[in-house]
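Right, one structure below, let's go through it.
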Amino acid sequence: MKNQSLYSCLVVLLILAGCDSKKGLNNQCSVDYDQKGLFENIIKQQIQPGYESLLTTLTKFKTDYSTFQASPSTGLLDALESSFTDSYMAWKGVEIFGFGPAEKLDAQSYFNFFPINISLVEQQLDAGFDPDNSSLFDKGLPVLDYFIFNKASPEDRIQYLTQPKVTEYFNQVLDKMISVATEILAGYRNGYTDEFISSTGTAAGTTLSLLINALSQYFENNRRNQLGIPSGALTLDIPNPDKTEAYYSSISLALLKKGVETSRLLYEGKMKGGGIKDYVTALEANNSGEQIANEISNAFNTVLFAIEKIDEPLSRAVSGDREHVAALYRAMSDQVIHLKTDLPARTCISITYVDNPSDTD
Amino acid sequence: MHIRKTYLRKLTMESVSIAPLVVFRILAGSLMAFGGIRFLLSGWIQKLYIEPDFFFKFYGFEWVRVPESPWVLYGLHFVIVISAIGVALGWKYRISAIAFFLSFSYAEFMDATNYLNHYYLVILVAFLMIFLPANRNFSMDALSNPSIQTDTIPRLYIDLLKWQIGIVYFFAGLAKVNWDWLFHAMPLSVWLPARVDTPVLGVLFEQPWAPFLFSWFGAIYDLFIILLLTNRKLWKVGYLLVIIFHLMTRVLFNIGMFPYIMICFTTIFIPVKYHEELISWGRKRLSNYNHLIQPRRIKSNVGKRWTFPTSFASPQWVLPFMILFISIQIITPLRHVFYPGSVHWNEEGYRWSWRVMVLEKSGTALFTVEDPLSGRKFEVENSQFLTAYQEKQMAFQPDFILQFAHFIKDYYAEVLDSENLKVSVMSKVSVNGRKSHLLIDPHADLSGYQNSWAKKHWILSPGSEKSLL
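Shown next as structure tokens:
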């Protein structure tokens, strides 16, 4: 008995020693906030218009391509080239939303895997390909980038584009993208919107978790694929200009910028209550610690500012303007840390694209 | 002084029933065998040991290698299962116990990424079991060699396990006595709402006060459960709480064998008569199948002076060993006091200390290699060498960061054919939802540091980085 009281006293003392006189009880993961309203805004202001615009630009792209095929000319080639750019930019506006219907349909693989394997594409052009078997051939916008822009002069481009095998491949790729975009929109119309809006909370798989994971992963991938590998930052300091996104059309930097802007939009929202930041700010109103909401905003601005210092094409800048490219890479790295470490920690959600393979304790 | 002397004397002199130890042997052995089979069938050997190219090591155990051959890897885990069954059956017990201890420890030391406190506990208990006479009743060994059979053992052998388990609970509880755990309910504020889809209890997990309830309950449970379990009247309440608490952790977390290990290990605290009844029940069941196993009456020399049967390690010899072992167990979790700064931040003295689930940490670590010879400077793509889980674990553990820095230095020294590469890291870590801070001096050339027990001066204290950037 004596021992037990002694033990109890010891333990009570230890508890008291662990306490200090800071602020009282405070659950920093819990806030009275209308998550549904936020998700509804994101769907209405970003996801839905984004996919609608993608479908519109793709449809115009298709029309322009048909017109061009009917009577090839340099004027129509220009139109085709600009509707290609519009479509790519429109894709950059939704690429970040890789969950839900886009995930189910494996949209990323039909739209944008780069860099492509040119010799494989040429080989498939000659040997033919199975358009339904997505894993067997390169596809999406990077292939069209190659088809439209791989020759230098307009005459050569016309000549290349009007080969029957190219036409067939081109149409397959474009039609597939149109059908995937159509299906994604249908997915949102037929049930996914409700599912998305009503899935509140912070558990894995809830909408907040999807959005924060999407934002973090998208930004991290862009840092690597759009800049880290082309600039050589991740490849022994040896630039790989041919590995820039949209290498042939030289719109790499514009695409990179559009990706950053899309990420920023998801964070900031189009209006109050329209982005993830609104939720972070509400959480931080209860939190006495250092705040991150504005820091993330500032980091986006720093990245965009660093982009402005670089001239297109990025494929030239990676060897010609290494200082500014390195500065941009540093700015993006800082933001990766914010988005991958600070944002999930503050919002109390876990990064699910890096999951535990076994038990934890 | 008087109490202590009497207790120490009792440990070697007092005879107690062997039944709790026998039950412990059977339960622990079976559970470990089950755990081993589970591991073999889970596909984790492939995922954790065949797929990765790089493995983190514990300080002092860098020599532990992951076998290249899948056959050896699977064979190792097969040995774990067989030896655990051997322990459970009390079959060639000492050899089985040694084989289990060695194979299990080796497997756990192959990649420090997968360090789990409860497997560390298994290693310690497996080590102790080598020396415990757990096969001297109701075992294959006792069956084939009745001369080793005994009904009683010195109290020491039972109390050693009780101390071991008590230490785990006490330090697990002590680790929870901190500001974040008690007054911010962190990290349970993160973990509970993530489980709202749990049937029935899910509604509870959503409540903003629920993490506080669970935090306080958890801390009080860990600190006081040993008092209930050792109390003659309250042990039933205690054991019921053990079951409730650990099943609750099972519901909440992905912690595999842990709840079952604790529920099974704590049976050592249950009064002797239940163990004896269980064993006589077992004998009766078995006697239907094997006429060789005769129901035996437990001789009642309990409480009397301990007398040796044959070939027994003298308890007088075991006692100093026990005191030494327990002292190390008590000092190890406290060693962090010798390192300035918070153990939650710098992790110096964090492992082997029963700090179970007290932190939610995450981080990012970006390594830069500089080659003074060619002037090249580039970032390392961690995923080229590490699995996503290894990378995640490395990001907040300084000794892992150091190991990886050395690895990439050696790797790129060969690729670039250049000596004197400089390796630095931009590593930011968030603890319990706080804004992230630099963990490691970003200007430090990590390739110039070696791991040791000394304070790591290249670890920054949180928030001190302002002057560095």
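Residue numbers (numbering that gives the first Met the number 0), protein chains in the order written: chain A, 0 to 360; chain B, 0 to 468.
Ideal placement from N, C-alpha and C gives every residue a C-beta, glycine not left out.
* Identify the continuous beta strand (DSSP E) that holds residue 375 of chain B and give its terminal residues. => Start and end: 375 to 378.
* In three-state DSSP terms, what is residue 151 of chain B? -> In the structure shown, residue 151 of chain B sits in a strand (DSSP, three-state: E or B).
* **Three-state secondary structure (DSSP) of residue 262 of chain B** => Here residue 262 of chain B sits in helix by DSSP.
* Any beta strand (DSSP E) of 3 or more consecutive residues that is wholly inside the region 343 to 428 of chain B -> Within the region 343 to 428 of chain B, the complete beta strand (DSSP E) runs of at least 3 residues are 360 to 370, 375 to 378.
* Excluding the five sequence neighbours on either side, which residues of its own chain have a C-beta within less than 7 Å of the C-beta of residue 165 of chain B, listed in chain order? -> These residues qualify, in order along the chain: 225.
* Asked: Applying a beta-carbon distance threshold of less than 7 Å, which residues of chain B neighbour residue 335 of chain A?
  -> In chain order, 363 make up the part of chain B whose C-beta sits under 7 Å from the C-beta of residue 335 of chain A.
* Since residue 238 of chain A meets chain B, which of its residues come closer than 9 Å, beta carbon to beta carbon? -> Those within 9 Å of residue 238 of chain A in chain B number zero; the least Cβ separation is about 11 Å.
* Other residues of its chain near residue 221 of chain B: CB distance less than 6 Å, five sequence neighbours each side excluded -> These residues qualify, in order along the chain: 168, 171, 172.
* To do: Counting only the same chain and skipping the five closest in sequence on each side, list residues whose C-beta sits under 7 Å from that of residue 22 of chain A.
  => Because residue 22 of chain A sits at a pLDDT of 48, beneath the cut-off of 50, its placement in the model cannot be relied upon, and the following sentence gives the value as read from the coordinates. Closer than 7 Å at the Cβ level, and outside the excluded window around residue 22 of chain A, lie 287.
* Asked: Listed in chain order, which residues of the region 194 to 223 of chain A have Cβ atoms closer than 7 Å to some Cβ of chain B?
  -> Cβ contacts with chain B come from 200, 201, 202, 203.
* Asked: Counting contacts by CB-CB distance shorter than 8 Å, is residue 141 of chain B in contact with chain A?
  -> It does not; no Cβ of chain A falls within 8 Å.
* To do: Between the Cα of residue 32 of chain A and those of A:276, A:157, A:98, spot the shortest distance and give me the residue it belongs to.
  => That would be A:276, whose Cα lies nearest to the Cα of residue 32 of chain A.
* Unbroken stretches of the alpha helix (DSSP H), 4 residues or longer, contained in the region 164 to 221 of chain B -> The region 164 to 221 of chain B contains these whole alpha helix (DSSP H) runs: 178 to 182, 187 to 190, 201 to 205.
* **Near-chain B residues of the region 268 to 280 of chain A - C-beta to any C-beta below 9 Å** => For the region 268 to 280 of chain A, which is checked against every Cβ of chain B, not one residue is closer than 9 Å.
* **Selection from B:353, B:34, B:415, B:86 that minimises the alpha carbon distance to residue 483 of chain B** => There is no way to answer for residue 483 of chain B, as the model of chain B reaches only from 0 to 468.
* Please name the residues in the region 285 to 307 of chain A whose beta-carbon is closer than 9 Å to at least one beta-carbon of chain B, in chain order. => Here the close residues are 286, 288, 289, 290, 291, 294.
* Taking Cβ positions only, does residue 226 of chain B come closer than 8 Å to chain A? -> Yes, its Cβ sits closer than 8 Å to a Cβ of chain A.
* **Residues of the region 28 to 43 of chain A with Cβ closer than 7 Å to any Cβ of chain B, in chain order** => Near chain B, meaning a CB-to-CB distance below 7 Å, the residues of the region 28 to 43 of chain A are 28, 29.
* Quick one: does residue 270 of chain B have its CB under 8 Å from some CB of chain A? -> No, no contact with chain A.
* Within the 8 Å Cβ cut-off, does residue 221 of chain B reach chain A? -> Chain A places no beta carbon closer than 8 Å to that of residue 221 of chain B, leaving this residue out of the contacts.
* Comparing the C-beta of residue 106 of chain A with each C-beta of chain B, is any distance below 8 Å? -> No, because no Cβ of chain B sits closer than 8 Å to the Cβ of residue 106 of chain A.
* Asked: Under the rule that 16 or more other beta-carbon atoms within 10 Å means buried, what is residue 264 of chain A, buried or exposed?
  -> Label assigned to residue 264 of chain A: buried.
* **Interface positions of the region 175 to 201 of chain B facing chain A (Cβ-Cβ less than 8 Å), listed along the chain** => Taken in chain order, the members of the region 175 to 201 of chain B whose beta-carbon sits within less than 8 Å of a beta-carbon on chain A are 176, 177, 178, 181, 182, 183, 184, 185, 188, 189, 192, 193, 194, 195, 196.
* Return no unless some Cβ of chain B is closer than 8 Å to the Cβ of residue 341 of chain A. => For residue 341 of chain A, the answer is yes, since a Cβ of chain B falls inside 8 Å of its Cβ.
* Where does residue 436 of chain B fall in DSSP's three states? -> Three-state DSSP puts residue 436 of chain B in a strand.
* To do: Below 6 Å CB to CB, which residues in the same chain sit around residue 132 of chain B once its five sequence neighbours on both sides are set aside?
  => Beyond the five residues adjoining it in sequence on each side, residue 132 of chain B comes within less than 6 Å, by CB distance, of 152 in the same chain, given in chain order.
* Show which residues of chain A have a CB atom less than 9 Å away from the CB atom of residue 377 of chain B. => Here the neighbours are 231, 232, 233, 234, 235, 236, 237.
* How about residue 140 of chain B and residue 175 of chain B: do their beta carbons lie closer than 8 Å? -> No, Cβ-Cβ distance for residue 140 of chain B and residue 175 of chain B is not below 8 Å.
* Asked: residue 126 of chain B: which of B:145, B:142, B:94 sits nearest, CA to CA?
  -> Among B:145, B:142, B:94, the Cα nearest to that of residue 126 of chain B belongs to B:94.
* Asked: For residue 330 of chain A and chain B, any beta-carbon pair shorter than 8 Å?
  -> Interface annotation, residue 330 of chain A: not in contact with chain B, CB-CB separation never under 8 Å.
* Measuring only between beta-carbons, confirm whether residue 352 of chain B sits less than 8 Å from chain A. => No, residue 352 of chain B lies away from the interface with chain A (no Cβ there is under 8 Å from its Cβ).
* When you compare only the Cα positions, how much space is there between residue 262 of chain A and residue 217 of chain A? -> A direct Cα-Cα distance of roughly 8 Å separates residue 262 of chain A from residue 217 of chain A.
* **Contacting residues, own chain, Cβ-Cβ under 6 Å from residue 327 of chain B (five flanking each side not counted)** => Nothing listed; no residue qualifies.
* To do: Please decide whether residue 447 of chain B counts as near chain A, where near means a Cβ-Cβ distance under 8 Å.
  => Answer no: the Cβ-Cβ gap between residue 447 of chain B and chain A never drops below 8 Å.
* Determine whether the Cβ of residue 69 of chain B lies closer than 8 Å to any Cβ atom of chain A. => False, the Cβ-Cβ gap to chain A never drops below 8 Å.
* Whose CA, out of B:358, B:198, B:286, lies closest to the CA of residue 190 of chain B? -> The candidate whose alpha carbon is nearest that of residue 190 of chain B is B:358.
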